[in-house]
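Working notes for the structure below.
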Amino acid sequence: VSRQLKEEIRRGFAGLEDPLAGLLAMLESSSDWKGKGHSLGYYITSELQLWIKEHPAGPQSGIQLKKLQARVLGILSQCPANLLDPLISIYQLHTADRNYLLEHVSHLYLKGSYKEAAILSMKLKLQPDQDVEKMCTPLLLQDKANMVEDYVGEYPELQSKLLQILDTWCEPSFNIRDITRPYQGLSRCKAEKFNRRTLSKLVFRLLDRFNVDPALCPNVINQRHLRTLNYLFYKRFVEKTMTEENWADHIQSTVGENRWLQGHLIQLLVRHCGERAAARWARHWGVPVDMLPPGLAEQLPEPHTQERIEEVTKADNYEDSKKKDYYQLPIPRENIHLLQTWEETLQCWEKVLQPGQVVGIDMEWKPSFGMVGKPRVALLQMAVKDEVFLLDLPRLLEQAEVEGEKEKLPRFMQKLYSDADITKLGYGMSGDLSSLAATCSALKDTEKQQHGVVDLLTVDKQVDGLSPEHSHEERGARQPEKGLSLLVQHVLGKPLDKTEQLSNWEKRPLREEQILYA
DNA sequence: ACGTGGTGCGACTTACACAA
DNA sequence: TTGTGTAAGTCGCACCACGT
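13 is the number of the first residue of the first sequence in our numbering; add one for each residue after it.
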């Protein structure tokens, strides 16, 4: 749009006695303002906004402005979105009578223009005087969670209130249909997608985004932990890829002192591994007798040392039988160093930071399993040609804290990642780095300035695309191996043993199996 | 289980040419 | 000059595959 047009517009304003009324007359007269984007109306309106800034007229007479405001509201409900801000500013709607504005918005709402009502409310900052539940429900049904986020974005009280409402929707006895029924006729309403699963996802997003106390949403938290329990049982008894020890550890930290979860755990135990094991766990927490399924209570006082031993040896045999079929690093055990002091670590760094060095990098952390917050790296592995270093990160960082040398690790990592003459080798390294950033806030921007990094995940993808003849010749049965393990199987003949992948990497001392896996 | 990063598809804008 | 219709570009979302 030419400068000419703008000048012409301005001349027009100067000629009018009351430009504000003039603009309204213009907008009203052309009834169909379907012109999206940069229409003439938009240009004129935004020019007027600038013009007013340059020619601050004295305060308008109150009554006259009120009349104009009444008229502009009629336009607001029809005009394109990009006119909203200029119009609100020009006619100073934020100074208008709130009750009047609220009434107008509620009119929009009753018309079924829920989105428009919400947008206008946000622009006019009307949220504190509105009912969060009423305003947000139709938006949520229309899958507009983002808008809901924005709607409560600046009001912590509304955030808490909204989260509490969402949590009550997740109560076991609550019927979500009660919420959706009034809005049945809603366009693109996805009532069937509106279940507890998506709700709890939303709740966690909001909890994270607004830093609200998770205790406000007990139902959602409980359900999340229950899902974790189900998953752990699946891993242990269906997929059979988790050892008794790792499984028990995760069960323990998921259930904790929560009676409700303890009850569910007992039921799962009865189903998957019999009443004796269930009774043992029930005893362990002192679960009240009336919470137990009938028939289980009698087994409580039973001595259980014998079964325990039995079970552990069974697990051991199960381990041994499988172990030989997996690939193992051809590095003698004495060249695998677990580093727990800075003195040893500095020696390791000296070897790693050689020009031209090639170093393999990987990290381990405790699986999140529904815990809030991002995981912290518990072990940092680095390998050169025939030596492996395992850095006990929690311990080293703690020591550095005491000695006031917090920058030690970040400085090393920066140097390592930015040096193009040192090749960093890994598999799916972006995940490692993001966990590392959560562990050590000084390393947030390491990702941007990295040189000499080779990620075998991407290499694998490219090579795999060129030579697809591997896959279906060997056997009709699909290989369960995937990811790095599959790659190792292709290149080195045998897959990897991933049993320790989901173990508790924060627990010390590390078990020998964990060290070998690392 | 969760978190992340990449991918593909559809919805939604934006840009532009053209007819009225 | 305006509004319309089509083409191109963005954005967002669901999905998958992988990590712990």
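A virtual CB, placed ideally from N, CA and C, is assigned to each residue, including glycine. Since we're looking at a predicted model, the values are computed, not measured.
Suppose the cutoff is 8 Å on Cβ atoms and the five residues either side in sequence are ignored; what does the same chain contact list for residue i look like?
i	result
Leu114	Leu138, Asp141 and Gln142
Ser212	Cys182, Val232, Gln235 and Arg236
Lys247	Thr253, Met254, Trp259 and Leu514
Glu419	Ala454
Phe186	Thr180
Val500	Tyr339, Lys506, Pro507 and Leu508
Val215	Leu175, Leu178, Asp179, Cys182, Cys229 and Val232
Ala489	Residue placement at Ala489 is flagged as unreliable, the pLDDT there being 47, under the threshold of 50; the coordinate-derived value follows with that caveat. Here the set comprises nothing.
Lys277	Per the sequence presented here, residue 277 reads as Leu, with Lys not at that position. Here the set comprises Leu241, Ile263, Val267 and Trp293.
Thr210	none
Trp517	Glu376, Trp377, Lys378, Ala390, Leu391 and Gln526
His536	For residue 536 there is no data in the structure shown, the boundaries of the chain being 13 and 530.
Glu19	none
His106	Ile100, Leu136 and Lys137
Leu152	Val160, Phe206 and Leu214
State the beta-bridge partners of residue i as determined by DSSP.
i	result
Phe249	Looking at the DSSP assignment, Phe249 forms no beta bridge with any residue, so it has no partner.
Gly372	Ala395 and Leu437
Asp467	Gly438
Val389	Trp377
Ile348	Val400
Please report the distance separating the alpha-carbon of residue i from that of residue j.
i	j	result
Arg239	Lys506	33 Å
His237	Val160	26 Å
Gly124	Asp220	31 Å
Met134	Tyr163	6 Å
Asn270	Leu341	42 Å
Val324	Ala432	Note on Val324: pLDDT 49, under 50, position unreliable in the model; no value is reported.
Gly24	Ile100	21 Å
Leu428	Leu241	40 Å
Gln366	Ala130	60 Å
Asp44	Lys473	Below a pLDDT of 50, predicted positions are generally treated as unreliable, and Asp44, at 46, falls in that range; no measurement from the model is reported.
Tyr243	Leu122	44 Å
Tyr330	Arg193	With a pLDDT of 49 at Tyr330, under the threshold of 50, the modelled position of that residue is not reliable, and no figure is offered here.
Gly368	Glu410	32 Å
Glu525	Arg208	39 Å
Asp531	Ile527	The structure shown does not extend to residue 531, since the chain is modelled only from 13 to 530, so the question has no answer here.
Thr435	Thr458	15 Å
Val13	Tyr103	Here the model assigns Val13 a pLDDT of 47, short of 50, so the residue's position is not dependable and the matter cannot be decided.
Gly165	Gln352	44 Å
Val117	Lys156	18 Å
Tyr529	Leu522	11 Å
Met383	Asn223	14 Å
Gly47	Tyr126	Here Gly47 scores only 48 on pLDDT, less than 50, and its place in the model should not be relied on; the value that follows carries that caveat. Their backbone Cα atoms lie some 22 Å apart in a straight line.
Pro168	Asp467	42 Å
Arg283	Glu415	52 Å
Leu281	Phe245	9 Å
Lys456	Val371	21 Å
Would the beta-carbon of residue i fall within 8 Å of that of residue j?
i	j	result
Val396	Ile343	no
Trp361	Phe424	yes
Ser447	Lys519	no
Asp444	Met375	yes
Leu120	Leu136	no
Ile177	Glu128	no
Phe381	Thr511	no
Ala290	Leu308	yes
Leu218	Gln171	yes
Gly275	Met303	yes
Leu391	Thr357	no
Tyr195	Pro150	yes
Gln279	Pro306	no
Please return the same chain residues whose Cβ sits closer than 7 Å to the Cβ of residue i, not counting the five positions on each side in sequence.
i	result
His482	Residue placement at His482 is poorly supported in this model, since its pLDDT is 47, which falls under 50; the coordinates still yield a value, given next. Excluding sequence neighbours, His482 sits near His502.
Glu319	Here Glu319 scores only 49 on pLDDT, less than 50, and its place in the model is too uncertain to base an answer on.
For residue i, I'd like the list of residues in its chain whose CB is within less than 6 Å of its CB, leaving aside the five on either flank, ordered along the chain.
i	result
Thr451	Arg388 and Val389
Gln461	Ser430
Lys173	Val144
Leu504	Tyr339
Leu297	Checking the sequence, you will find Trp at residue 297 rather than Leu. If we look at Trp297 and ignore the five residues flanking it on each side, its Cβ neighbours are Gln274.
Next on the checklist: With three or more beta-carbon pairs closer than 8 Å as the criterion, would you say the segment 400 to 412 touches the segment 438 to 447?
Outcome noted: Flag = no, the segment 400 to 412 and the segment 438 to 447 do not touch.
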